[in-house]
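In our numbering, the protein residues as written are 38 to 195. The structure appears right after this line, and notes come after that.
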Amino acid sequence: MDPSLVNFCFILSFLVALSMPCIDVALAARHLLQTFPALPTRSPTKPQATLPPLPALPTLPSAATPLPKFPVAAALPTATLPPLPAAALPIPRLPKPATLPPFPTSLPTVLPISLPKPATALPPVPAATTLPTLPATPALPLPLSSATVPFPSPPPSN
Numbered sequence: 038m039d040p041s042l043v044n045f046c047f048i049l050s051f052l053v054a055l056s057m058p059c060i061d062v063a064l065a066a067r068h069l070l071q072t073f074p075a076l077p078t079r080s081p082t083k084p085q086a087t088l089p090p091l092p093a094l095p096t097l098p099s100a101a102t103p104l105p106k107f108p109v110a111a112a113l114p115t116a117t118l119p120p121l122p123a124a125a126l127p128i129p130r131l132p133k134p135a136t137l138p139p140f141p142t143s144l145p146t147v148l149p150i151s152l153p154k155p156a157t158a159l160p161p162v163p164a165a166t167t168l169p170t171l172p173a174t175p176a177l178p179l180p181l182s183s184a185t186v187p188f189p190s191p192p193p194s195n
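Shown next, in the form of structure tokens:
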């Protein structure tokens, strides 16, 4: 079957399935509007809401009344540090630049590295072998008349 036809049928059925609830809601709304009595209109005068009076504010203390005093914390003792030693420790000093060794101007030569010889001789590496070839598969001829699927088409017009 043609993939474009399958896609078209799928999209068409998807759209029909999505539109079904909308159609039902529209029909129900129309039915309610036709069978429901007319809604009452608003009256021209609105009723006024009456609110209770606000409570009286409590009397706040004036600035003349003294505020309570917070308790005073006791004085903390101050820490005393021991005196520094009279003889200061010696500070290490870096050597003077004249005593440093000279910077090398050429690269050192690399010593030849010799690997240890194994105690027993290793077996020789086998020669590369060729992989066997796969037998060729014969091509099967398919008859085109039996491979097609009949598609329903409209009847021919007269």
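All residues carry an ideal CB built from backbone N, CA and C; glycine is no exception.
Classify residue i as helix, strand or coil using the three-state DSSP reduction.
i      : result
Gln85  : coil
Thr117 : coil
Phe72  : Rather than Phe, the amino acid found at residue 72 in this sequence is Thr. Thr72 falls in the helix class under three-state DSSP.
Asp39  : coil
Pro129 : coil
Leu97  : coil
Ser50  : helix
Pro90  : coil
Ser56  : helix
Phe107 : coil
Ala66  : helix
Phe140 : coil
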